Structures are given as C-alpha cells and as structure tokens.
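Under the working numbering, the first residue of the sequence shown carries the number 1, and numbering increases by one thereafter.
To keep things clear, I will list the structure first and then write my remarks on it.
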Amino acid sequence: MFDVWIIFQKKINTLNDMKKYLYLRPVYVLMIIILFCCTSKHKISDKPHILLITGGHSFDTIQFFEMFYDFEDMDVDTISQPQANALLETDELKKYDVLVFYDMWQDITDQQKTGLLGLLKEGKGMVFLHHSLVSYQGWDEFIYIIGGRYNLENDRMDTSKISGFEHDLDIKARIINKTHPITSNMPDFTIHDEGYYNIEIIPAVHPLLEVNHPSCAKCVAWTNKYENSRIVYILLGHDRHAYQNESFRLLVENAVKWSNLKIPDD
Ligand SMILES: [Zn+2]
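Have a look at this one:
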C-alpha cells in the first residue's frame, strides 16, 4: 500500500512539474510559427517568379503554358501584349525575377523603352524565345539587349540582310559550351522545329548551341549581358513539337534559372 502511495505521489509531482511549464506554451507555439515562416519564406525566395509575355504571333497555347507549369520550383504568371508593355510604365514588373519573352511585337513607346532599360539596370533576368528575335525592328538598341535580330523586309533594308524561316526541319543541335550552367547537364539532341536563317548576331554574345542545317542559323542559343542583366536567347521553340522535346524543355528551364542568378559571370 505504501508503494502505491509513493507511485501516486510521484505522478502528482510530475503533473505539477508539467503545470509549472505550461505558462511557456505560448512561447513554444510562437517559436514553431516563426520557424515555419522562416523556412517557407526561404523556400519561396528560392523559386523564381517568372512572367511569360506573349502576343503578336500565334502558338500552341495549351502545350506552351503546360511546359512552364510542369517546371518544378517556378511560380508562373502570364500576360500578353500590349498589356505587358503598358506595365513597363509602372513598377509592376519589379516583383518578377525573370521575364520570359515569347512575343513578337513592334509597338513600344519611349517611356516603355525607359522602363525596360531600368529593369536591365536592376539586373532583371530575361529569357527571349524564338520569334521574340523579330520584335522591335525600329528600336536600334534592342539588338544589343537580345543579342541578335531577325530582319524583316522593309524599304530601307538592303535585300541581302533580310532574314528567312523554314518550318518542319529535323535539326541536330550540338552543345558547344559543355561547362556553362545552362548546357552542362545536356547531351546533343535532335529536334523537329522551325529554323531561321540569315539573322544578325552581335559578336558580344556567348554561343551555347550550334546546328548544321542549310535553312537555319548556325548558332541557335546564346547568352548575353546587358547592363546588370543576364540574358538568354533560344532560337528554337516554334510549336508543340519543340515544347514537348525533353532537351528543349531542359534548355528553357536551365535558361530561366541561370538568368535569375544576380551576379553576372562572363
Ligand atoms: Zn515560329
């Protein structure tokens, strides 16, 4: 009976001890909440928040957006022209880590140009895909941002400079920079896609990918630096055949992630 009494007393003491620390419960809860918020915040900031800009050219809409929604660790918003350029006149685009251009657009006001140049000064990552090489034929500075230009025919253009395209090519792409973070985990690959030929490319770009096809420019992916921004241009990507090509998807995903790194490496 005495033993039972001792055990009973011990249990009472333990309960009393626990009660003593109950006042600390809100502190524990607060600590857990803070820990949760810190880890979540860290995780979110690791995810590039990207804005896909389209408009001015048709494309396989569902498959294109699906490709980006399939990428892990990316938050994706979409917008089309002319709404995207209107946002260049506001601070709205500052919240994005990377702007991905899949538009083919010519209208841009001086204020919108200033807005885009401001983002480049801040070091905003920018990835330009396929027909975005045709954009802003009348803005001379644009070629130095994207790194090249597809020249449309116009009255002032020397005919030898006019660019061209050909659909449904089976293109063999070769990685020419195997140490660059965008292409280091990629093998050479084949893709069914559209080719552009006779395009202009500025000498300052760093080529990543090369093809050997008479209807396509030799260099089909490059990096460029403009002000404090990392720029990537990928010539490939006409339609769903490209979007569903595993190598193209990896190339685009790597390009977005690389352009989001804030410190440029030449
Ligand atoms: Zn195309």
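Cβ coordinates follow ideal geometry from the N, Cα and C atoms, glycine included.
Please read all numbers here as calculations on a predicted model, not as lab measurements.
Any non-hydrogen atom of ligand 1 within 7 Å of residue i CB
i      : result
HIS213 : no
HIS241 : no
VAL194 : In the sequence as displayed, the identity of residue 194 is Glu instead of Val. Yes, the beta carbon of GLU194 sits closer than 7 Å to at least one heavy atom of ligand 1.
HIS238 : yes
HIS130 : yes
Three-state secondary structure assigned by DSSP to residue i
i      : result
PHE59  : coil
ASN224 : strand
ARG273 : Residue 273 falls outside the range modelled here, since the chain spans only 1 to 266, and no answer is possible.
ILE162 : coil
ILE34  : Reliability fails at ILE34, whose pLDDT of 47 lies under 50, so the model's placement of it is uncertain and the value that follows must be treated cautiously. Three-state result, ILE34: helix.
ASP170 : strand
VAL252 : helix
VAL100 : strand
LEU52  : strand
MET74  : coil
GLU89  : coil
HIS213 : coil
VAL134 : helix
SER184 : coil
Candidates the options: closest to residue i by CA position
i      : options                        : result
LEU51  : ASP158, ASN85, ASP60           : ASN85
MET74  : GLU210, GLY147, PHE65, TYR233  : PHE65
ILE267 : SER58, PHE142, PHE59           : Since the first residue of the chain shown is 1 and the last is 266, residue 267 is not available in this structure.
LEU99  : GLU92, VAL127, TRP105          : VAL127
VAL252 : LEU87, MET186, MET157          : MET186
LYS47  : GLN63, THR159, ASP77, HIS57    : ASP77
GLY123 : LYS257, LEU87, ASP97, HIS131   : ASP97
ASP140 : LYS113, LEU120, HIS213, HIS130 : LYS113
GLU227 : ASN212, LYS121, MET157         : LYS121
TYR102 : ILE146, ASP70, GLN111          : ILE146
LEU117 : TYR144, MET157, HIS131         : TYR144
MET67  : ARG249, LYS262, LYS257         : ARG249
PRO181 : LYS95, LEU87, SER160, VAL256   : VAL256
Own chain residues within Cβ distance below 6 Å of residue i, not counting five before or after
i      : result
ALA221 : LEU208, LEU209, ILE234
PHE59  : none
LYS218 : GLU210
PHE71  : GLU253
ASP110 : none
ILE199 : GLY148, TYR150, SER163, ALA217
LYS274 : In the structure displayed, the chain extends from 1 to 266; residue 274 sits before or after that span and is not available.
Neighbourhood of residue i by C-beta distance below 8 Å, restricted to the same chain and skipping five residues each side
i      : result
PRO82  : GLY55, TRP105, ASP107
SER184 : LYS178
Residues near residue i in its chain [Cβ-Cβ closer than 7 Å; skip 5 each side]
i      : result
SER215 : GLU166, LEU169, GLY195, TYR197
GLY125 : ASP97, VAL98, SER229, ARG230, SER259, ASN260
LEU119 : LEU93
GLU89  : GLN111, GLN112, GLY115
LYS161 : ASN151
Residue-chain proximity (residue i, chain C), Cβ-Cβ < 8 Å
i      : result
VAL256 : The question asks about chain C, but that chain is absent: this structure has only one protein chain.
_For the structure I just gave you, are there three or more beta carbon pairs, one from the stretch 192–211 and one from the stretch 164–181, closer than 8 Å?_
Taking a contact to require three or more Cβ pairs closer than 8 Å, the stretch 192–211 and the stretch 164–181 qualify as touching.
*With contact counted as at least three CB pairs below 8 Å, one residue from each stretch, are the stretch 141–158 and the stretch 238–247 in contact?*
No, the stretch 141–158 does not touch the stretch 238–247.
*Quick check: the stretch 129–147 against the stretch 243–251, are there 3 or more CB pairs under 8 Å?*
no
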